[in-house]
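Participant:
Residue numbers (our numbering), protein chains in the order written: chain A, 1 to 344; chain B, 345 to 588.
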């Protein structure tokens, strides 16, 4: 692996250089104290030391609201929307975010391939960056370190206020071709970046905990605090559920079909024709959300489907913490097993 | 024949009706599909029967009850528009006080001249087929319903909270900006217009079904307002729906 040193003041120049390859998308400030991935128009506005963006990088491949087709009611014809192949560079991406894209790849591209997703995904390049975990990040507990390089083409490691650039793939090598502000150096290990939030068990022990957690008391306690706003799902980088709607224009002659992100925490999510709802209560829905992250897909793929970005916790107005729920389940599981031993 | 459409007002500010006349860009397209046969704010004509009657305002006096029964008898489809008609809206705050006290405050010594009832949703008196929520109801929402009725399909129903629309637009949460917002329990469909412009949601589209109100009160008080204030905010548009 090639390694170069790069001064912090040269970052805007690097972003401009990447702009030669294609559109650069990077974190920007949004609102009072939030961040969002936006297209770079002024490279000096890019924020490098952000904690997390409001919406995950997913929004660039699987937009929150996406037109699927236009149709005409006059002659009952339709045209589907073709997504063009565009070269894009995603700059200053955290490791858990990259891992979430790799998991989404699995969800969207196995079985029936999602062609819009694939087209958006194909010519994208990723430049990673190290981060200092805040009180909500817990990705190490689900097996993703700060320096996890899988999926990245380049990676920026912050060392003593400047950066080291790791070249990970050939595509990454060609991205920095001709950029003259890099000096060859040796990779350094940065030891002091520690996660403040942790799940108590190693992630490979969690499937066993979830196997027996279906009737745990924890769910009712969480449901009593949850107001069911759906923010946890809608900001989750690995959630992929959507709803499809047809909209007709005022002329009643034409219209379009749209798909919109959906959330399994919403009461209408599992409502079917006739009004029946097979996850009517918050307690069912809370449990389902966690099982989707730690049991159902994990059983098939062997990986937790949570990447530890901390969005569901940071953006929950009711202050419900996902790692806390998992730790409570572990505690309840330990208690139950302790009783079993006493009985025998 | 095009559907015959009429608009009626009851106890309300009449804003929900009036904003139909602001649909300048779409009015000609709309009139290709419908005939407006009665609309006090826009024309003098009256009709005997209506295919669709749009009702604004809450039912709050014996004469209101008589009139709405009469309209219901003469229309095929009845649509409640705006929060007053859908659930009583802000008018229903009077129901939180003894009716005599309310009459005294408003009419003083002449209170016996004016008969009054608790402010009720239209659906409390007659059958309502569809509803358009909001204070005021948004024009887009109204157009969607109207086009659906013209095409004979089921109008959109909103079962998700305002938070969903904020998230889809990537708005920064107003709770993170130190405000207390009713978004988590309020029915969406407004495209989160208030939070998008930095104003917290006051809940004008009414509560979602099965809302966790205790959880919501706890949430609101944990963000620094008193329980009393939290209840008042929740009741502003939902006095007829919430028992606190």
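The beta carbon of each residue, even a glycine, is placed where N, CA and C say it ideally should be.
Under 7 Å, do residue 88 of chain A and residue 124 of chain A count as touching if we go by C-beta distance?
Facilitator: Working through the first chain from its first residue, we reach residue 88 of chain A at position 88. Working through the first chain from its first residue, we reach residue 124 of chain A at position 124. The answer is yes: Cβ separation under 7 Å.
Participant: Of all Cβ atoms in chain A, is any one closer than 7 Å to the Cβ of residue 379 of chain B?
Facilitator: In the second chain, counting from the first residue as 1, residue 379 of chain B sits at position 35. Output row for residue 379 of chain B: interface = no.
Participant: Might you give, ordered along the chain, the residues of its own chain that have their beta carbon closer than 6 Å to the beta carbon of residue 51 of chain A, omitting 5 neighbours on each side?
Facilitator: Along the first chain, one-based indexing puts residue 51 of chain A at 51. Result list for residue 51 of chain A: 134, in chain order.
Participant: Check whether chain A comes within 7 Å of residue 514 of chain B, counting only Cβ atoms and requiring the distance to be less than that.
Facilitator: Translated into the one-based positions of the second chain, residue 514 of chain B becomes position 170. Chain A, which has a Cβ nearer than 7 Å to the Cβ of residue 514 of chain B, makes this yes.
Participant: Per DSSP, what are the beta-bridge partners of residue 256 of chain A in this structure?
Facilitator: For this step, residue 256 of chain A is matched to residue 256 along the first chain. Answer is A/70 and A/247, bridged to residue 256 of chain A.
Participant: For residue 248 of chain A, which option in B/429, B/486, B/350 and B/530 has the closest C-alpha, if you only look at C-alpha atoms?
Facilitator: As a working mapping, residue 248 of chain A is identified with position 248 in the first chain. Nearest option by C-alpha distance: B/486.
Participant: Can you tell me where the alpha helix (DSSP H) with residue 172 of chain A in it begins and where it stops?
Facilitator: The residue labelled residue 172 of chain A in the question sits at position 172 within the first chain. First-last of the alpha helix (DSSP H) with residue 172 of chain A: 170-175.
Participant: Between residue 402 of chain B and residue 253 of chain A, what straight-line distance do the alpha-carbon atoms span, to the nearest angstrom?
Facilitator: In the second chain, counting from the first residue as 1, residue 402 of chain B sits at position 58. In the first chain, counting from the first residue as 1, residue 253 of chain A sits at position 253. For residue 402 of chain B and residue 253 of chain A, the distance between alpha carbons rounds to 35 Å.
Participant: Of the residues B/557, B/536 and B/491, which one's Cα is nearest the Cα of residue 73 of chain A?
Facilitator: Position 73 of the first chain holds residue 73 of chain A. Answer by Cα proximity: B/491.
Participant: Check whether the Cβ of residue 425 of chain B lies closer than 6 Å to any heavy atom of the ligand MG, and answer yes or no.
Facilitator: Although the ligand MG was asked about, the structure shown includes no ligands whatsoever.
Participant: With a cut-off of 8 Å on the beta carbons, I'd call residue 120 of chain A and residue 61 of chain A a contact; round off their distance for me.
Facilitator: Along the first chain, read from residue 1 onward, the residue named residue 120 of chain A stands at position 120. Along the first chain, read from residue 1 onward, the residue named residue 61 of chain A stands at position 61. Contact holds; Cβ gap of about 5 Å.
Participant: Enumerate in chain order the residues of its own chain whose CB-to-CB distance from residue 3 of chain A is below 8 Å, with the five nearest sequence positions on each side excluded.
Facilitator: Start at 1 with the first residue of the first chain, and residue 3 of chain A comes out as number 3. Correct list, in chain order: 164, 165, 166, 167, 184, 185, 186 and 187.
Participant: From which residue to which residue does the alpha helix (DSSP H) around residue 484 of chain B run?
Facilitator: By one-based count along the second chain, residue 484 of chain B stands at place 140. Per DSSP, residue 484 of chain B belongs to the alpha helix (DSSP H) from 483-495.
Participant: Please identify the residue among B/530, B/399 and B/400 whose C-alpha is closest to the C-alpha of residue 555 of chain B.
Facilitator: Counted from its first residue, the second chain places residue 555 of chain B at position 211. Minimum Cα distance to residue 555 of chain B is reached at B/530.
Participant: Which same chain residues, not among the five before or five after residue 277 of chain A, have their C-beta less than 6 Å away from its C-beta?
Facilitator: Reading the first chain from its first residue, position 277 is the one you call residue 277 of chain A. Hits under 6 Å: 270 and 271.
Participant: Apart from the five residues on each side of it in sequence, which residues of its chain come closer than 8 Å, Cβ to Cβ, to residue 279 of chain A?
Facilitator: Counted from its first residue, the first chain places residue 279 of chain A at position 279. The answer, listed in chain order, is 264, 269, 270, 285 and 288.
Participant: Taking Cβ-Cβ distances below 7 Å as the criterion, which residues of the region 246-259 of chain A are in contact with chain B?
Facilitator: Within the region 246-259 of chain A, the qualifying residues are 248, 250, 251 and 252.
Participant: Under 7 Å, do residue 199 of chain A and residue 323 of chain A count as touching if we go by C-beta distance?
Facilitator: For this step, residue 199 of chain A is matched to residue 199 along the first chain. For this step, residue 323 of chain A is matched to residue 323 along the first chain. Result yes, Cβ atoms of residue 199 of chain A and residue 323 of chain A sit closer than 7 Å.
Participant: Express the C-alpha separation of residue 102 of chain A and residue 212 of chain A in angstroms, rounding to a whole number.
Facilitator: As a first step, residue 212 of chain A must be located in the first chain, where it is residue number 212. As a first step, residue 102 of chain A must be located in the first chain, where it is residue number 102. Near 29 Å, if we compare the C-alpha coordinates of residue 102 of chain A and residue 212 of chain A.
Participant: Pairing CB atoms from the region 419-432 of chain B with CB atoms from the region 463-473 of chain B, are three or more of them under 8 Å?
Facilitator: The region 419-432 of chain B, when compared against the region 463-473 of chain B, does touch it at the 8 Å Cβ threshold.
Participant: Assign residue 222 of chain A to buried or exposed, taking buried as 16 or more other Cβ atoms, counted over all protein chains shown, within 10 Å of its Cβ.
Facilitator: What you label residue 222 of chain A is simply residue 222 of the first chain in a count that begins at 1. So residue 222 of chain A ends up on the buried side.
Participant: State the start and end residues of the unbroken beta strand (DSSP E) segment that holds residue 155 of chain A.
Facilitator: Sequence index remark: in the first chain, residue 155 of chain A carries index 155 (1-based). Run containing residue 155 of chain A: 154-159, per the beta strand (DSSP E) assignment.
Participant: Should residue 570 of chain B be labelled buried (16 or more other beta-carbon atoms within 10 Å of its own) or exposed?
Facilitator: The residue labelled residue 570 of chain B in the question sits at position 226 within the second chain. By the neighbour-count rule (16 or more Cβ atoms within 10 Å), residue 570 of chain B is not buried but exposed.
Participant: Tell me, please, whether the CB atom of residue 451 of chain B is closer than 7 Å to any CB atom in chain A?
Facilitator: Taking the second chain and counting its residues from 1, the one referred to as residue 451 of chain B is at position 107. Closer than 7 Å: no.
Participant: Can you tell me the Cα-Cα spacing of residue 21 of chain A and residue 47 of chain A, whole angstroms?
Facilitator: Residue 21 of chain A sits at position 21 when you count from the first residue of the first chain. Residue 47 of chain A sits at position 47 when you count from the first residue of the first chain. Distance between the alpha carbons of residue 21 of chain A and residue 47 of chain A: 21 Å.
Participant: Consider the Cβ of residue 317 of chain A: report whether some Cβ of chain B lies at a distance smaller than 7 Å.
Facilitator: Along the first chain, one-based indexing puts residue 317 of chain A at 317. Chain B contact via Cβ: present.
Participant: Which residue marks the beginning of the beta strand (DSSP E) containing residue 421 of chain B, and which one marks its end?
Facilitator: Here residue 421 of chain B corresponds to residue number 77 of the second chain, with the count starting at 1. Here the beta strand (DSSP E) through residue 421 of chain B covers 419-425.
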